[in-house]
Each structure stands twice: as C-alpha cells, then as structure tokens.
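Colleague:
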Amino acid sequence: MSALCWFIWSAARSFGPRQSPATAPLCRRLLGPGSADRRNMSSKRQMDHLERTASNYRQNALYPAQVCGIMTESETVKRLRLAVHPDFSFKAGQWVDFFIPGVEKVGGFSMCSSPGLLQREGIIELAVKYTKHPPAHWVHTVCTVGSRVAMRVGGDFYFDPMPSDPSVDLLLVAGGVGINPLYSVLLHTSDLLHLNQSSGGRDYNIGSAHLCYSAKNTQELLFKSSIIEKCGEFPNKLSCNFHVTQQRAEVEPHLQPFVRGGRISEEELQANVDPQRTLCYLCGPPPMIEGISKTLLDLGLPKDRILFEKWW
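Take the sequence shown: its position 96, counting from 1, is numbered 96 in the working numbering, and each next residue is one higher.
(1) Between the C-alpha atoms of residue 66 and residue 140, what's the straight-line distance to the nearest angstrom?
(2) According to the neighbour-count rule (16 or more other Cβ atoms, all chains shown, within 10 Å of its Cβ), is residue 155 buried or exposed?
(3) Could you check what DSSP says for residue 268 in three-state terms: helix, strand or coil?
(4) For a minimum of 3 consecutive residues, which ranges assigned as the beta strand (DSSP E) are wholly contained in the region 151 to 196?
(5) Grab me the residues of residue 263's own chain with a C-beta within less than 7 Å of its C-beta, minus the 5 sequence neighbours each way, in chain order.
(6) Could you check what DSSP says for residue 99 in three-state terms: helix, strand or coil?
(7) Pairing CB atoms from the region 179 to 196 with CB atoms from the region 262 to 276, are three or more of them under 8 Å?
(8) Spatial neighbours of residue 248 within its chain, please: C-beta separation below 8 Å, excluding the five flanking residues on both sides.
(9) Counting pairs of beta carbons, one from the region 280 to 291 and one from the region 162 to 182, are three or more of them closer than 8 Å?
(10) Quick one: is residue 94 buried, meaning 16 or more other Cβ sit within 10 Å of its Cβ, or exposed?
(11) Would you kindly work out how many angstroms separate the C-alpha atoms of residue 100 and residue 138, rounded to a whole number?
(12) Nearest to residue 255 by alpha carbon, out of 63, 223, 199 and 115?
(13) Looking only at C-alpha atoms, which of 135, 117, 92 and 116 sits nearest to residue 49?
(14) Considering only C-alpha positions, which residue in the set 121, 102, 207 and 303 is nearest to residue 235?
(15) Which whole-angstrom value describes the C-beta separation of residue 92 and residue 115, a residue pair presumed to lie in contact below a C-beta threshold of 8 Å?
(16) Since residue 309 sits in a beta bridge, which residues does DSSP pair it with?
(17) Three-state secondary structure (DSSP) at residue 251?
(18) Could you give the distance in angstroms between the alpha-carbon of residue 211 and the alpha-carbon of residue 237?
(19) Please state if the CB of residue 97 and the CB of residue 152 are separated by a distance shorter than 8 Å.
(20) Output yes or no for whether 8 Å exceeds the beta carbon distance between residue 111 and residue 121.
(21) Take residue 74 and list the residues in its own chain whose beta-carbon comes closer than 7 Å to its own, dropping the five residues that flank it on each side.
(22) Would you please state the rounded distance, in angstroms, between the beta carbons of residue 143 and residue 228? I believe it to be under 8 Å.
(23) Where residue 77 and residue 129 are concerned, what is the direct C-alpha to C-alpha distance, given to the nearest angstrom?
(24) What's the call for residue 309, buried or exposed, on a 16-neighbour Cβ count within 10 Å?
(25) Per DSSP, what kind of secondary structure is residue 278 in: helix, strand or coil?
(26) Going by C-alpha distance, which of 52, 86, 79 and 68 is nearest residue 61?
(27) Just list the beta strand (DSSP E) runs in the region 69 to 121, keeping only unbroken ones of 3 residues or longer that don't cross its boundaries, in chain order.
(28) Residues in the same chain with beta-carbon distance under 8 Å from residue 230, minus the five sequence neighbours each way, listed in chain order, please.
(29) So residue 279 and residue 305 are supposed to be a Cβ contact under 8 Å. How far apart are they, rounded?
(30) For residue 125, which residues does DSSP report across the bridge?
(31) Relative to the C-alpha of residue 271, which residue among 131, 167, 146 and 171 is closest?
(32) Alpha carbons only, please: which of 109, 72, 55 and 203 is nearest the one belonging to residue 133?
(33) Ignore the nearest five residues each way along the sequence and tell me which others in residue 169's own chain have a CB closer than 6 Å to its CB.
Below is the structure:
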C-alpha cells in the first residue's frame with residue numbers, strides 16, 4: 001500500500017463520522033501517545049473544526065487530491081487549485097475537511113469554485129487565509145505544487161436548484177473570507193444562466209443575484225475583478241456592491257462604481273428583499289450575521305429564507 005493510500009485509509013478510519021470504540025486504539029497509535037489529551041486541552045481554548053461541525057452533514061467518502069496551482073489572492077490569502085478524484089462532488093457553498101499528511105489538525109475550508117469547474121476540468125479551488133492554525137499555516141508555509149492531501153465534503157449551506165424548482169432571487173451577503181462559499185454560489189448561478197442561455201430557457205428558472213460584500217479595504221476584497229466580470233456578463237441578472245470600512249488609499253477607477261464606504265446598510269438590503277422571492281445566504285463574522293439577520297427579519301424576510309454559515 002502506498003504512503004498516500006495508507007494516509008487516506010487511516011484518516012478515514014480515524015476521523016470518520018461513525019467512529020466506533022474499536023477504532024479508538026488505532027487513533028491513538030496513529031496520532032501518538034498523549035495526542036488525545038493534547039486535543040482535548042486545545043479544544044477548551046479554541047474549538048476544533050471537526051467539533052464545530054459535528055452536527056453538519058458529511059459525505060462518507062474521503063478522496064485524494066493533489067495541488068496543481070497556488071496563487072496569491074491577497075496579502076493574507078492564498079488560493080489553491082486541486083486536482084481531485086473523478087468521483088469527488090460538491091454543491092455550491094459547501095466545505096471540505098482537509099487532511100494533510102503529518103498534520104494532526106484537520107482543516108475546514110469552503111470551496112470558492114463552482115461545481116461547473118469540477119465538471120469541466122476535474123479541479124476545485126480553496127482560498128485560505130493565513131493563520132497559525134496548523135492546516136492554514138501549512139498552506140502558507142509548506143504547501144507546494146504537487147503536495148498531496150485528502151478531502152471530505154460537508155455542509156448544509158448550499159445552493160443547488162433543480163430544473164423544476166421555482167425561480168428565486170438570491171441576496172448574497174459576505175464579510176471578509178466569508179466570500180468563499182458565496183463566490184461559489186455566484187459562479188454556479190452564472191454557470192446556470194449560461195446553460196439556460198444555450199438551451200433557450202428550457203433548463204432552469206434562474207432569478208437574479210445581488211452580492212453585498214464587506215471588507216476592510218479594496219485590497220482585502222477577494223475575487224473582485226472576477227465578480228465584476230460575471231456581473232457584466234448578465235447585467236440584468238447579476239449585480240454587486242463592495243463595502244469597505246477602513247479604506248485609506250484612493251479606490252482604483254475600475255472599482256469605483258461598485259465600492260461604497262461603510263458597512264452594508266439597511267437601505268441596500270431593503271432594495272434587494274422581496275419576502276416572496278428572495279433567498280438570502282449570509283457568511284461572515286458571527287456578529288455581522290446576527291445583525292444582518294435581524295435586519296432582514298425586520299424587513300419581512302421569513303426566517304426559513306435566511307441561510308447562514310458561521311462555523312469558523
């Protein structure tokens with residue numbers, strides 16, 4: 001058995017959602033003496049990704065992947081391109097458990113690419129912000145093209161309409177790196193619009209999508225050029241506003257039409273909320289999500305039409 005096969009097999013056994021008492025000794029042998037105690041001690045300080053998401057849906061399968069590209073998305077964020085197993089699949093908005101050989105902690109990163117890219121090229125993308133948490137630290141300091149990892153898809157936060165579903169208008173509200181799953185949703189919406197265009201409107205009932213994206217400054221706005229490009233492809237369907245809260249430099253001319261100073265306002269939310277049609281996806285810091293959720297409820301948007309992701 002190859003080293004990678006052994007790593008994937010042991011990771012699946014060690015971290016699977018239905019770990020039985022019989023596998024516990026195997027975990028201790030793989031992780032080394034005292035590692036369970038260290039994990040319990042560290043979880044008191046900062047809850048581990050697997051603990052945070054224990055109640056979320058997870059696929060049973062764990063798949064190998066190989067890094068085939070690394071790009072600098074901002075001063076603090078790297079974007080990985082990963083070639084994945086042919087059976088790997090995900091829905092726009094979902095995340096992966098990210099297993100790294102030799103790293104005990106399991107990462108949790110949202111896909112920032114569309115299911116369409118996976119279908120076309122066998123590739124997924126992850127945008128990872130630098131932190132000292134071992135998986136993110138590995139991405140920024142050790143990972144190279146050719147590095148091998150394993151991944152398992154999870155998450156109940158996704159956009160996956162069926163052709164027969166009624167049309168909805170999406171309101172996507174992102175803060176910081178919370179853009180990752182929402183960018184995946186926006187790209188998936190764009191893919192479906194292209195599919196609908198080529199079929200003469202026979203495949204999907206796709207409404208509009210408006211993105212409100214907040215960050216400290218324009219340098220921290222991930223994927224901004226691509227977002228603007230996608231909105232330009234379907235100007236009657238896709239739109240965006242970027243909100244910057246600590247901008248000091250002059251905003252670049254091509255961004256100016258889309259950039260607003262300050263936080264996302266109630267007026268902008270109200271302009272994009274129809275209680276009968278709007279489905280809102282929120283992802284960002286918990287205080288932001290809680291504040292925006294309250295505003296949306298006050299605007300009459302039903303609670304079951306406000307979906308959010310704040311597990312980190």
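Where is the CB? At the ideal position from N, CA and C, for every residue including glycine.
Modeller: With the structure as the only source:
(1) For the purposes of this step, residue 66 is taken as the residue at position 66 of the sequence shown. For the purposes of this step, residue 140 is taken as the residue at position 140 of the sequence shown. Whole-angstrom Cα-Cα distance: 16 Å.
(2) Numbered from 1 along the sequence shown, position 155 holds the residue referred to as residue 155. The residue is buried, with at least 16 neighbouring Cβ atoms inside 10 Å.
(3) Taking the sequence shown and counting its residues from 1, one reaches residue 268 at position 268. DSSP places residue 268 in helix when its eight states are reduced to three.
(4) 169 to 175
(5) As a first step, residue 263 is located in the sequence shown; it is residue number 263 there, counting from the start. Closer than 7 Å at Cβ, skipping near neighbours: 214, 243 and 245.
(6) Here the question's residue 99 lines up with position 99 in the sequence shown. Residue 99: strand per DSSP, three-state reduction.
(7) no
(8) Position 248 of the sequence shown, counted from the start, is the residue given in the question as residue 248. Once the five neighbours on either side are set aside, the close Cβ partners of residue 248 are 217.
(9) yes
(10) Along the sequence shown, read from residue 1 onward, the residue named residue 94 stands at position 94. Classification of residue 94: buried, given that the 10 Å Cβ count is 16 or more.
(11) One-based indexing of the sequence shown puts residue 100 at position 100. One-based indexing of the sequence shown puts residue 138 at position 138. So the alpha carbons of these two residues sit roughly 8 Å apart.
(12) The count along the sequence shown starts at 1 and reaches residue 255 at position 255. Of the candidates 63, 223, 199 and 115, the one whose C-alpha sits nearest the C-alpha of residue 255 is 223.
(13) Along the sequence shown, read from residue 1 onward, the residue named residue 49 stands at position 49. It is 135.
(14) Against the sequence shown, residue 235 aligns to sequence position 235. The shortest Cα separation from residue 235 among 121, 102, 207 and 303 belongs to 207.
(15) Within the sequence shown, numbered from 1, the residue matching residue 92 stands at position 92. Within the sequence shown, numbered from 1, the residue matching residue 115 stands at position 115. About 6 Å separates the two Cβ atoms, so the contact holds.
(16) Taking the sequence shown and counting its residues from 1, the one referred to as residue 309 is at position 309. Bridge partners of residue 309: 283.
(17) Here residue 251 refers to the residue found at position 251 of the sequence shown. In this structure, residue 251 counts as coil in the three-state DSSP scheme.
(18) Indexing the sequence shown from 1 puts residue 211 at position 211. Indexing the sequence shown from 1 puts residue 237 at position 237. Between residue 211 and residue 237, the C-alpha separation is close to 11 Å.
(19) Walking along the sequence shown from the start, residue 152 turns up at place 152. Walking along the sequence shown from the start, residue 97 turns up at place 97. Yes, Cβ-Cβ distance for residue 152 and residue 97 is below 8 Å.
(20) By 1-based counting over the sequence shown, the position of residue 111 is 111. By 1-based counting over the sequence shown, the position of residue 121 is 121. Contact: no.
(21) Here residue 74 corresponds to residue number 74 of the sequence shown, with the count starting at 1. So the qualifying residues of the chain are 219, 220 and 222.
(22) If you number the sequence shown from 1, residue 143 lands on position 143. If you number the sequence shown from 1, residue 228 lands on position 228. The Cβ separation is near 29 Å, so there is no contact.
(23) Taking the sequence shown and counting its residues from 1, one reaches residue 77 at position 77. Taking the sequence shown and counting its residues from 1, one reaches residue 129 at position 129. If you take the alpha carbons of residue 77 and residue 129, they lie about 4 Å apart.
(24) Numbered from 1 along the sequence shown, position 309 holds the residue referred to as residue 309. That one is buried.
(25) Position 278 of the sequence shown, counted from the first residue, corresponds to residue 278. If DSSP states are grouped into helix, strand and coil, residue 278 belongs with the strands.
(26) Locating residue 61 in the sequence shown gives position 61, where the first residue counts as 1. Of 52, 86, 79 and 68, the residue nearest in Cα terms is 86.
(27) 77 to 84, 95 to 99 and 107 to 110
(28) The residue you call residue 230 lines up with position 230 of the sequence shown. Counting only Cβ-Cβ distances below 8 Å, and skipping sequence neighbours, we find 186, 187, 190 and 238.
(29) If you number the sequence shown from 1, residue 279 lands on position 279. If you number the sequence shown from 1, residue 305 lands on position 305. 5 Å between Cβ atoms; contact.
(30) As a first step, residue 125 is located in the sequence shown; it is residue number 125 there, counting from the start. For residue 125, which the question treats as bridged, DSSP gives the partners 81.
(31) One-based indexing of the sequence shown puts residue 271 at position 271. Residue 171 is the option with its Cα nearest to residue 271.
(32) Start at 1 with the first residue of the sequence shown, and residue 133 comes out as number 133. Comparing Cα-Cα distances from residue 133 to each of 109, 72, 55 and 203, the minimum goes to 109.
(33) Along the sequence shown, one-based indexing puts residue 169 at 169. Here the set comprises 207, 208, 277 and 278.
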